[in-house]
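> Residue 175 is where the sequence shown starts when you use the numbering used here, and the numbers rise one by one after that. Note that beta-carbon positions come from the ideal geometry of N, C-alpha and C, so glycine has one too.
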Amino acid sequence: MTTNHLFPDYSRVDLPPQTTQQPDVQGNKRKIEIDGERVRNGLAQLVLTLVKLLHELLERQAIKRMDSGSLSDEEIERLGLTLMRQAEELEHLREVFDLKDDDLNFNLGPLGRLL
175 MTTNHLFPDY
185 SRVDLPPQTT
195 QQPDVQGNKR
205 KIEIDGERVR
215 NGLAQLVLTL
225 VKLLHELLER
235 QAIKRMDSGS
245 LSDEEIERLG
255 LTLMRQAEEL
265 EHLREVFDLK
275 DDDLNFNLGP
285 LGRLL
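See below:
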């Protein structure tokens, strides 16, 4: 097989060496404890944060388009209703997963809060 410098061969992936579980003091293999509920809520938190971020970006874009006059009154009405329904659904899902509004606002360290 020839090597092309523009398109490297990714068909071979170097994987890290496999590790085996080391036994604990009593000789039993250690198990990884995974709390399914925490994993589910963590994933829900991440997904809802991304959806909320996209929702806010859509709202800002809608405001820019309204201010520029590029939308008809009917389009503005439809867009407003759609964004309102989306916000209500986000709120409902946040409550389903027992997340506070602040849970969807990640701290990005020196960059500040996400939302």
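Would DSSP call residue 279 helix, strand or coil?
Against the sequence shown, residue 279 aligns to sequence position 105. Residue 279: coil per DSSP, three-state reduction.
> With a CB to CB cut of under 7 Å and the five nearest residues on each side skipped, what residues in its chain are close to residue 233?
As a working mapping, residue 233 is identified with position 59 in the sequence shown. Around residue 233: 257.
> Could you compute how far the alpha carbon of residue 276 sits from the alpha carbon of residue 287?
Against the sequence shown, residue 276 aligns to sequence position 102. Against the sequence shown, residue 287 aligns to sequence position 113. If I take the Cα positions, the gap works out to 10 Å.
> Closest to residue 268 by CA distance: which of 215, 235, 240 and 254 is it?
Residue 268 sits at position 94 when you count from the first residue of the sequence shown. Among 215, 235, 240 and 254, the Cα nearest to that of residue 268 belongs to 215.
> Sorted by chain position, which residues of the same chain lie with C-beta nearer than 7 Å to residue 236's C-beta, five sequence neighbours on each side aside?
The residue you call residue 236 lines up with position 62 of the sequence shown. 253 and 257.
> Decide if residue 283 is buried, meaning its Cβ has at least 16 other Cβ atoms within 10 Å, or exposed.
One-based indexing of the sequence shown puts residue 283 at position 109. Flag for residue 283 reads exposed.
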